[in-house]
Each structure stands twice: as structure tokens, then as C-alpha cells.
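Single-structure report; data block below.
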Amino acid sequence: MPASLFCVDILGRIYELSTSSSKWEPLSYLGVEFKRLSASEHSLWAIGGDQQVYVLIYGTDNPIRVMEETYENQRWNPIDGFCDKLLGTDRYHFSSMDGKTERRFTDVDLPSLGWQWEGDWQLDSTLNGTQLETEGWTYAVDFPAAYSPCKRFTSCVRRRRWVRYRRYVAVNTWSSVPPLHRDSVEEPFVDVAVGGSELAGWEPDNLMVWAVTIRGRVIFRSGVGRLSPEGVSWLPVATPRGSEASQISCGPSGLTWALTWDGCALVRTGMTRETPHGTDWCQVPPPDGVRLEQVSVGDNSVWAVSSDKRVFFRQGVKGHEMSSNPTLARGTNWLEMVGSMSAVSVGPNNQVVALGTDGVQLYVRGRVSHAELTGHTWRPLTVPHPGAAGSSRSGSVASLPVPASVPADWPDGPPAASGDGQGAPEPAGCPYDSDTSSMSGQSAGDTASLRLLRLDDDEPSAVPLGRAGPECRGWTSVAAGGCFLDPLHVPPWFSGPVVADRPEELWRQKVLELLKERDSRVRPFNGLYDEAIERSSWTRTTKCRWWTDAPPHNWAQAVLELEQRGTGAAQVEFGQISVYVGGEKMASVCLSEVSAVLNSSESRRQSVLAVLTAERMRRRLPLKLWFAEEAEMEDWLDMIQTACVRLRRIEGAPSENCLWAVTDRGDIMVSDQRLTTAEQELAAETHSSLSQCQLVSDPAGCPTPLCRRLERGFTEGCSLVISYKLPTHPSWFSINLMTGVTGSQETENVFHFNPRINRDVIVRNSRTKDGWGREERDGPQPFKGGDTGEIHIICLKDQFKVLAPGLCTLFTHRMDFRRITHVTIQGDILVTQVSYDAGPAEAAPEELFWRQLGGHLRRVEAGPHGVVWGLGHDQTPWVYTGATGGGQLTEHGGSGQLHTMTDTRYFYIYENQRWNPLSGFSYRGLATDRPTWSDRTGRVQLTKDTVLPPSRHWNWVSSWSVDFHVSGGVDEEGWQYAMDFPASYHGYRGMQDFVRRRRWYRKCHLKTTGPWECVNNVKLRDLSMHELGGEIHLWAVTSAGDVLHRLESRPDGSGGGGGWSSVTTDQPFAAISCGGHGCVWAVARDGTARLRCGVTAQRPLGTGWAQVEHPEGRKLKHVSAGQSAVWAVDDSHRLYWRQEINPVTFPMGMAWRHVSDHVSHVSCGAGNQTWAVSSRHSGVLQRRQAVCEEDSAGAEWQHGLPGGWSHVTCRGLRGPC
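Yeah, the sequence shown ends on 1222 if you go by this note's numbering, and it's all consecutive.
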């Protein structure tokens, strides 16, 4: 993920170096020079030349909006009615929500010049999602009480809410922070530090800002957060007597160190969410005989520089665990690093950037990892200095004097030669001491608290520090607090083809050079000779456990075999998976039948692979294989999927016409509806088995009535062949093509074929919900008693065609035949066979082929022209690059590139207690109570030790902490109270509350690769795209609930351009979806739906939001809009469809209709195709059947692949699927 390194030069100008760039870029100069600098992910805090504090918000497109509110209160009296004449004990006329603070319109001011009002005060016309009357009043018996929108005879008071939004406009520009005193020169600042974004239990996006004054006082800036970038006020923090501070540093975990004027260190302890400024200082002595001059704090590391430019590392520091054990904040002992530096800065993942003693050369500490925080080498940056006249001397390795004793094969590469071919001379007065592994004049010391870190023999024991030319401007300060450096993907800051910061032995480099030389010799002969082996067969086997097909199902020891045949590894013509138990083949799957290969492990302790086929899905029996190791399971998943892809001749990136889905493990799956040549051939070979089936087969004759389901519907080209026997004296029989099961009120009869033999007539008709239509009786009636034969019913474009011995008749379509789902046969007839041919109908959901694409996401969203975006668990947006591979997938295809992907997830467990009269709240509960430690439902017992990361690619980055941000509120210890389990929880103890719970969380981090490029500067929780006027418009909801809009580029780079535009909303939003004809639907956080009015190609942002009522008073959480259909899911997983929508004349529709339950997610495509994820059985993909233009709600769900799906999108489809 791109980030930036910041530096201040000697002229006080600040420069930025992005991890995706190799050039310094100056920040805008507004006439203020800077001396000190500290950085976080999206903010810079600096000390200006006037010794005051400045802040700059950078790298974010999320608008910073704050809603100010005030309540207008009135009381009723017999003379004036409702008026502002309140009692002396009443609240103010204009007050806060609780009535304790007066808030007149004129009393609400902007915090600083960095804010602007978006508009004037406006009435809030809703109460908990319910639309209020025009004046917006809510009524109650008295202050305070429960307010209602209805006025009753007991309503003596009323109030209404006024709101006004203010926006922070000082983004990407410096803003002055109010000084400590009214006279700014009374106590100037000398240092500032920002951090604490990951303090346990703190509010999201809050920061800790510390400053040091010229008097040595430490000052804490309170209230700094996303909605308050400048903070609220300065809070003095006393230091021990005689320990005046000179410099301070704060890490992401909130760990804060300060240095005193005499070179000692102070560590702040007792920092919690209630007291982020801490409670006490702990003194840490410096190394013996050393005076510390500068300190920098990271996650779990503390680096310091002494007055004689020696570098030290503090061992035993663990910032994320300091709240439970304060000794982990101070560490154990000092380690001296090799080399001399004038300043160091630690990044958010413990990566270290240092400034050389010459004040020009910057270095990055190599090989820093969680296991080895000290790293191994100093790697010089070769990016040209922005103040250099040329591009070489100040930013190249050639300008660095190198001692003669440095070997030529040192890991960072040999020093560049000078123009005369000789190495750079050894600098005078700076001899290199190879015995002590330190620079001349430095002493390792011989104390218990100080140890010298020695490096391996094959590495340089020190990095020589060169001097810059006179044309270079030096640096005075470096800030890496907002720079996330990936050790495996080094930024382009160094000379040479550096791919990753890993130790590369000399023999590896030599082998690589020999292979390259051999390849150059062999390449001219490629294609001159035929392959010696034209066809081959290869197999691979392993031991695993197999979930048996026959009951009773259990895990059996087995041997798995993958067999492939073809003309080479890349040309597979046949493949098969076989399972052997005791030498006997127990199960086999042809690769051409595979629908998907999924990781179906239910926990970290399992490594289960599931191979899904259409036939096995109909039996609900996937081929499950349990491997000994997770890595082995991933290898087999990659092998099987690669073989399936090669067999189907699938190459490159998916087409524009695709289904996208995500599993609950974050695997990204895609089903391409563009058939390759091999797939067309395969479909032709298997057409009869896939499209034809026997619904009835009974030589003796099956009695009526009978009803059979038509799995693929009855669309154009489908046919039914009914073989029959008539009794000796038949009266009548009928064949009906229905939209559902007979007997349902919603069922309609699309085609009713009714030979009435006793009346010598054949009646053809149809029946809607309103009744039967007009009968058609023309034509002969050839059926007689005792006859046998076949009746053929064929669906044509405009009519049904019926063929029988002596009969050929037609029936023009009166209803949409695509809604047909069942066939029923009734009357005096014996049915011996019913054959169903689905013809060219669309494939069933379980027959679609899904392949894993690479990367890790929480959800994806497809748009026009193949544009695909994704969102991670940390709400970071990603754009698909057009490649395949990454992560566990070994093959890389497509025209795009693979990128490093990161993600962060939080895992939760609940601590449960019950109250008893003897011991109060304790773990001694009733026998029917939930476990002491459980999941949210209380049905699954969990402990801190049993909760593991989802896979081996995830790593814990924090310890378990109490979560203070739980819906319903918590008390000071994080507990929620209720009458019993389960119930509605609240954050205070009531008289009838006998149980309580609190939530614990732990953060987990993932690092992988995939064909997805990060979109910086914004955090999104939902997004959607549509096309207007030939441009792709993207709408998004930010993590704070704001709505953004932008023009998106096509994959070929055409169109798009520009940044994000903010769309004003009356409250925070939660979800958004773009439909046909410019309709944009959204869901607010209060669960109400919204429709954006006036969206056209000329006015893509529209004019305003129109509120749509709740479905049955329930709160919505998700919405999906198609061409003329709108679907929504509420917080109870109930699915609704919006009735009577006309996207042109009446886009809002009439009302919500409940369709089904147990739906966690729904997606509606451009052609109203509808797919959903069922919340049953851990997530099952399902498709809506019989969706047509006349009835976009369809008829019923057709289930597809089961198990582990969390998200699906069909918005990239351009045809039926």
C-alpha cells in the first residue's frame, strides 16, 4: 500500500517521497518554514519557524463533516398553547439533547478557520426513521420523557431538532493550532509527536499528540481525531522534578517516550481509553556514559540516537501489551547498532529510516521483521536530493566513501566505481576498525545494560557515511510515522534490481546468472525441432482423509490421485480426480465436470478441500478431502484448479460478462459467461446429459395427478415428450404448465391443454390470478379410449406447439413463458414417461464453472465495461488490474500486474456473567446459561486460546483487549447488562439486570499478493457503478457514512478522470446501489431507504434525496437496484422487492413486498438478473428464476453452490445468467 516519507530541509521546506515513486515532491509552501516534523497515516504535525504547532491533513478523500444539532423546546399552556414560555425548572428554549446546555443558533461557532458551514440550520424531519410532520415536532408528557410523533391530550411539551453541517476545508494545507497561551511567544514549542492510533479500546481514528515547550514542559493535545483534526485543548502533563523534557515521540500503540535535557529517558505509563495522556512517568537510564539526544518509538521498538551520533535499540519493548504489563513499555536493556546517524524515525510496522551524520544521506534499516526488530543492515537511499544541482552526487552510492576493507560481495551490493575505475578512497580521519565492528571513536561499552550487536561475517559491519557536495541542501528532520514499508516489496528508492529485502547468498546469484546464460544459448533453437513426446500422461498422489459418500458418513484414510493427459503441462485434454481406500477406487470426478474447488475448512485446525460438481451438488455431497497441512491443501487446490482451467482452455483475465463472488474466507471467485472454444465443444458433447432428463419413467403407467419441477424452466426451444396410455372409457385429462406448485394462490397456469374426450373437444386456455381466460376449442380431437402414444409440447418464440397422433395445434403466448417452473398432469390418463429437454436454456447455477482469481477481499462490485472494484475488511478499496494469480495461486496470467495486498480483521469473543446474592456477578451461572466465554449468540463456546487466525497467512498484531465500542453502550469496564440471556443489552446496571457480558477483540493482519491495486486516500464501506452518457459513474459510501462520487476510467484507460466529489446527505449512510436510467438507491444508518432525484448525464450528482418508507417498519441494511427492479435486505435477513417501479415515470415505486427469508446479500444486474446468498448452511449461492421484464420479482429461488459464500455480484452481466 503506497505511503509517504517526509523530510524537512535546512531551509524549512517539507518534501514527500512516496513508496511508489523515486522522486521527492515538495509540499505546498505557504510562507512558513518548519523545524520539526511528526507524521501519522493521514496527518502531519510540525513546529514552525515561529515555534508554534501546525497540522496538515493529507492523503484522504474522505470528507470531514460534523453535524451540529440543537433542540427547540416548547411547553403548552392554556392561554398561548405551545410556546417558548417555559417553567423555571424546564430546559432552555434551545438546548442540547439532554437539555443541560444552552445551544442557541448564535452560540454554535466554527472551531477554527479550517472549517466552513455547508448551509444554514435545517429541521430534521425524521424520528428513528419515521417521517414527521412538516414542522418536525415530537411530543411528550414532560421533560425528559419518551418522545412520539403523535400529539396526544397528555402531551404537555414538545421539541424539534435543528441540524447544521460543517466541513473541514483545510485538507492538504497547513492549519495553525491555537497556542498554549494567548501570547504565543510566552511559551514556544520545541517538539511535537503524533501517534496512538492503535491505543487499546480507544475511539476509531483518534490520535495522541504530544508537544514539548521551551521550558521543558510536556503538553498533551486532547480531542484529536478524524472529526476534530486540530484537537480541542492543550493539557499540561507534569514530569518528575528536575526532568525537563527536550524531545518526545509516540508510537502507534500509544507508547510514549521523552528525553530530558540531561540525556535520560522518560516513559509514560497508565495510558488507557479514559486517560490517554497516562498517569505517571517511568525513568529509563541511558547507556552508561551516553547522553541520548533523540528517540523514536514504533509498535514494539524504540530507537535512540546519542549526542555522539551512536544508534541504540531498546530491547524488550512491547507497545500493544503495555497496558497489562507496564514493564513492557520501558524494555529491558540497550543494544548499540553499528553505524552513526544524526536522527532516526520508526514507521508504523517497526521499519526504521535514519538520517546520516552528513545531514543529507537517508538510510532504511534492512531485514526488520516481527521476529528480528533490530534488522541487519543500513541501506542508503539513492533517490536524488531535491536540492541537488545534478542527480547523482547527493543521492547515489558512488558519492559514499567506502573503506577498503568492505568486501565486494556485501549484501547491499558492491559500491559503485568512480570514473577512473577505482573505488572511492577512504575518508581521512575516519579509519574503519574491523576488530570492534564500529566506526572509529565509538565504544561498545562494557556494562550490563549495554550490549553491542554484532552482525554476520558476510555482512558489512558498518555503512560508511559520505559527505554531500556543496550544491546539496541537507535534511534537518525525517518523519516515517505515516510510511508503511513492506520488507518483501521494496520501494524504488535504491539502486540495482532489488526485489525483496531477503538475504541472497552469492551462490544463488551465480546460479541465476548461469541459468540466464544457458537460456540465451538455447533460445535461438526453440521451434526448430519437434517435441520428442507428443502426448503424455502424468499423475500426482498424496495421502489424505476422505469424507465418505455412503452413510454413515465419516472421515476415512485414503490416497488421492490427480491424473492428467495431454500434449504437455499446459495442454490438458483429460483429467480425473480419484480417491482410493485400501487400493480400491471409492470415488472419482472428471475435471470437465468440476464446478468449483474451494477451501471449506471450518476452522484453523482443519485443512479441508471441497471439489464441487453439478451432479454432486444435486445430491448435496461434495467431494471433501482433509489434508495434513494447510500448505499441502493449498497446493492441491492450485493444482486442481489449474488443471480445470487448462482443460477448458481458459486464458487471461475474465471477460466483461462475469459473475463475481467472495467466500467467507476472502477468496475471490469469478464465473465467466463467455464460453471458450473448449467449453463450447464440451457443452456440445455433454448437451444431452445436461439438458435432457426423464421426469417420469414407469412402464406400468404412473397414476395422476402428478407434478414435476422443470429445473431450467420452459423457455424458447424447450420441449416435453409425454408417453401415455388411455383407459378404455376416458372422460378427460389435462396437461398444465404452471408458475408454481398447484394449490398456491400465487400460481398461474401459463398453458392449459385439456382434451375432453367425452365431449369430443380439446380446450386450450390460460389462467391468471384473476381467473381463466378465453377458451380456444377449434381443431380435431383425436384421443380415444385405449390409445397409446406421445404428446409433444414445444415452446416457440410466440406460441406453444402441441403434436400428437392426428393432432398439430398452436396456442399463442398470453403470459411470460419464462416464468414456468412446473408441469402437472391430471385426469383419466396413465403416464409411462415424461422427457424434459431444456434445449438452449441457461445453465443451472450448480453447472457454472468458478475459478479463484487471486488476492483477498471482503466484497467485490462489478460495473460496466469490465470495471471491478473490491473492498477489504479494513474498508480499503481495490481496483482489479486485469491479471490472474497471486497468493496461493502459482500461475500468473492476464495483462495486468500483481500487487501486495494487506487487510486487517477484528475477532471477537464474549465474556458472560450472572449475578447471585452471595458473590455478586460471577462465572457461576445456571445450567441453562451460555458458556463463560462464547461467541455473540452464546451457542458456541470459545476461549482466548481457541480463537485462531483464519489461515496461516494471517498473523495476530495485538493482544486481547476489552471493546468499548459496542452497540447499546458499555460501562467504564466494558460491561453490558440485561435481564437474562439473550435480551436487549444496555450500558448501565438496572434493578432487574441479572446478567452481563462484555466483548473482547483482537486484531489480525494479512499480507498477500493479487491482481488488485489499492486506491489510496479513502475508506469505503459500500460502492456501486452505472453508465450515463458514455461515462462510468461510481458512487460510494465512506466509513463515516458520507456519500462520494467520481468518474471511473475503463480498463483500457479511456474516460474517467478527476477526484472524488462529495454528495450532501441529511445523515450517515450505510449502503448504496446504482440502477437503470440514473436511479441511485441508498440505505441510511437508521435503516431507511433513499432515492437520489434528478440524476442525469448532464447532472450526474442529482438534486436531492427522497426518503422511502420502511418495509413493515423494519430496518434495511443493504439495497441492490437493477434496470427496473430494486431489492433490499433488512437486519433480520428478510428480502424485499419494491413494487410498481417504473424507472422513467415512477422510480420510487409503491411499496415493499416480502419475498423470502434467510438472505444475507442480494445483487440485481443490469438486466434484472438476481442472485443472492442464503444465510442458511453457511452461505449458499442462489439465483432467482423466471425473472422477466413484466415481473422482475421472478418466481422462486434456484439453489447453486453451497457452503461458505458471503457475497455475490451479477452487476457485470450483460446477458441472462
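Note that CB positions come from ideal geometry on N, CA and C, so glycine has one too. Quantities reported herein were computed from a predicted structural model and do not represent experimental measurements.
message: Going by C-alpha to C-alpha distance, which of 821, 978 and 11 sits closest to residue 754?
response: As a working note, residue 754 is residue 749 in the sequence shown. Among 821, 978 and 11, the Cα nearest to that of residue 754 is on 821.
As assigned by DSSP and simplified to three states, the class of residue 213: Translated into the one-based positions of the sequence shown, residue 213 becomes position 208. Note: residue 213 maps to strand in three-state DSSP.
message: Whole angstroms are fine: how far does the CA of residue 710 sit from the CA of residue 719?
response: One-based indexing of the sequence shown puts residue 719 at position 714. One-based indexing of the sequence shown puts residue 710 at position 705. Between residue 719 and residue 710, the C-alpha separation is close to 20 angstroms.
message: One question on the structure: do residue 830 and residue 727 come within less than 9 angstroms of each other, judged by their Cβ atoms?
response: The residue labelled residue 830 in the question sits at position 825 within the sequence shown. The residue labelled residue 727 in the question sits at position 722 within the sequence shown. In contact: residue 830 and residue 727 (Cβ atoms closer than 9 angstroms).
query: Can you tell me whether residue 515 is buried or exposed, with buried defined as 16 or more other CB within 10 angstroms of its CB?
result: By 1-based counting over the sequence shown, the position of residue 515 is 510. When all chains shown are included, residue 515 counts as exposed.
message: Could you tell me which whole beta strand (DSSP E) segments of length 3 or greater appear in the region 1177–1203?
response: 1185–1189, all fully within the region 1177–1203.
task: Use the C-beta contact count for residue 780: other C-beta atoms within 10 angstroms, 16 or more gives buried, fewer gives exposed.
output: The count along the sequence shown starts at 1 and reaches residue 780 at position 775. Exposed: under 16 other Cβ atoms inside 10 Å.
query: Looking at residue 1106 and residue 1149, is the spacing between their C-beta atoms short of 9 angstroms?
result: Counting from one through the sequence shown, the residue named residue 1149 turns up at place 1144. Counting from one through the sequence shown, the residue named residue 1106 turns up at place 1101. It is not a contact, given that the beta carbons lie outside the stated cut-off.
- prompt: Would DSSP call residue 976 helix, strand or coil?
  reply: Mapped onto the sequence shown, residue 976 falls at position 971. It is coil, neither helix nor strand.
message: Using only the alpha-carbon positions, how far apart do residue 541 and residue 852 sit?
response: Against the sequence shown, residue 541 aligns to sequence position 536. Against the sequence shown, residue 852 aligns to sequence position 847. When rounded, the distance between both Cα atoms is 29 angstroms.
task: Below 8 angstroms on the Cβ atoms is my guess for residue 3 versus residue 370; work out the distance and round it to an integer in Å.
output: Look at the range of the chain in this structure, 6 to 1222, and you will see that residue 3 is not part of it.
message: Relative to the C-alpha of residue 162, which candidate in 145, 178 and 176 has its C-alpha closest?
response: Translated into the one-based positions of the sequence shown, residue 162 becomes position 157. Nearest C-alpha to residue 162: 145.
query: For residue 828, which beta-bridge partners are listed by DSSP?
result: The residue given as residue 828 occupies position 823 in the sequence shown. Bridge partners of residue 828: 713 and 742.
task: Report the partner residues of residue 781 according to the DSSP bridge assignment.
output: In the sequence shown, residue 781 corresponds to position 776, counting from 1. For residue 781, which the question treats as bridged, DSSP gives the partners 769.
message: Quick check: does the Cβ of residue 12 come within less than 8 angstroms of any heavy atom belonging to the ligand ADP?
response: Ligands are entirely absent from the displayed structure, and the ligand ADP is therefore not among its contents.
- prompt: Nearest to residue 746 by CA position, among 784, 324, 789 and 827, is which residue?
  reply: Within the sequence shown, numbered from 1, the residue matching residue 746 stands at position 741. Closest by alpha carbon: 827.
query: In the DSSP assignment, what residue or residues form a beta bridge with residue 542?
result: The residue labelled residue 542 in the question sits at position 537 within the sequence shown. DSSP output for residue 542 lists 570 as bridge partner(s).
- request: Could you tell me which residues DSSP pairs with residue 898 in its beta bridges?
  value: Here the question's residue 898 lines up with position 893 in the sequence shown. In the DSSP output, where bridge partners are listed per residue, residue 898 has 889.
- request: Flag this pair as yes or no: are the beta carbons of residue 1179 and residue 1204 separated by less than 9 angstroms?
  value: Taking the first residue of the sequence shown as position 1, residue 1179 is located at position 1174. Taking the first residue of the sequence shown as position 1, residue 1204 is located at position 1199. Yes, they are a contact pair.
query: So, do the region 324–343 and the region 239–255 have three or more beta carbon pairs nearer to each other than 8 angstroms?
result: no
task: Within 10 angstroms of the Cβ of residue 932, are there 16 or more other Cβ atoms? Answer buried if so, exposed if not.
output: Taking the first residue of the sequence shown as 1, we reach residue 932 at position 927. So residue 932 counts as exposed.
- prompt: Any chance the region 699–718 sits against the region 786–798, with 3 or more Cβ pairs inside 8 angstroms?
  reply: With a cut-off of 8 angstroms, the region 786–798 and the region 699–718 do not count as touching, because too few Cβ pairs lie within range.
query: Would residue 190 be called buried (16 or more neighbouring beta carbons within 10 Å of its own) or exposed?
result: In the sequence shown, residue 190 corresponds to position 185, counting from 1. With fewer than 16 other Cβ atoms within 10 Å, it is exposed.
- prompt: Is the number of C-beta pairs between the region 182–189 and the region 92–110 that are closer than 8 angstroms three or more?
  reply: no
query: If you draw a straight line from the alpha carbon of residue 402 to that of residue 312, how long is it in whole angstroms?
result: Numbered from its first residue, the sequence shown carries residue 402 at position 397. Numbered from its first residue, the sequence shown carries residue 312 at position 307. Because residue 402 sits at a pLDDT of 32, beneath the cut-off of 50, its placement in the model cannot be relied upon, and the following sentence gives the value as read from the coordinates. In a straight line, the C-alpha of residue 402 is about 26 angstroms away from that of residue 312.
message: I'd like the span of the alpha helix (DSSP H) that includes residue 929, first residue to last.
response: What you label residue 929 is simply residue 924 of the sequence shown in a count that begins at 1. Unbroken run through residue 929: none, as it is neither H nor E.
- prompt: Residues bridged to residue 618 by DSSP?
  reply: As a position in the sequence shown, residue 618 is number 613, starting the count at 1. In the DSSP output, where bridge partners are listed per residue, residue 618 has 599.
message: Out of 614, 653, 652 and 648, which one is the CA nearest neighbour of residue 635?
response: Position 630 of the sequence shown, counting from 1, holds the residue named residue 635. Of 614, 653, 652 and 648, the residue nearest in Cα terms is 614.
query: What is the DSSP secondary structure of residue 638, reduced to helix, strand or coil?
result: For the purposes of this step, residue 638 is identified with residue 633 of the sequence shown, where counting begins at 1. Residue 638 falls in the helix class under three-state DSSP.
query: When we look at the beta-carbon of residue 921 and count the other beta-carbons within 10 Å, is it buried (16 or more) or exposed?
result: Within the sequence shown, the letter at position 916 stands for residue 921. The residue in question, residue 921, is exposed, as its Cβ has fewer than 16 Cβ neighbours within 10 Å.
- prompt: How would you call residue 1074, buried or exposed, if buried means at least 16 neighbouring beta carbons within 10 angstroms?
  reply: To locate residue 1074, count along the sequence shown from 1; it is residue 1069. Residue 1074 should be labelled buried.
query: Helix or strand or just coil, what does DSSP make of residue 269?
result: Here residue 269 refers to the residue found at position 264 of the sequence shown. It is coil, neither helix nor strand.
- prompt: Can you give the beta carbon distance from residue 1186 to residue 666, rounded, assuming they're within the 8 angstroms contact cut?
  reply: Locating residue 1186 in the sequence shown gives position 1181, counting from the first residue. Locating residue 666 in the sequence shown gives position 661, counting from the first residue. That pair is a contact at about 7 angstroms.
query: Looking only at C-alpha atoms, which of 905, 1108 and 738 sits nearest to residue 1013?
result: Here residue 1013 is taken as the residue at index 1008 of the sequence shown, counted from 1. If we check each option's Cα against that of residue 1013, 905 comes out closest.
- request: Over the uninterrupted alpha helix (DSSP H) stretch that includes residue 1087, give me the two end residues.
  value: Within the sequence shown, the letter at position 1082 stands for residue 1087. That residue, residue 1087, is in no alpha helix (DSSP H); its beta strand (DSSP E) goes 1085–1089.
message: If you reduce the DSSP assignment to three classes, tell me which class residue 177 lands in.
response: Here residue 177 is taken as the residue at index 172 of the sequence shown, counted from 1. Coil at residue 177, not helix or strand.
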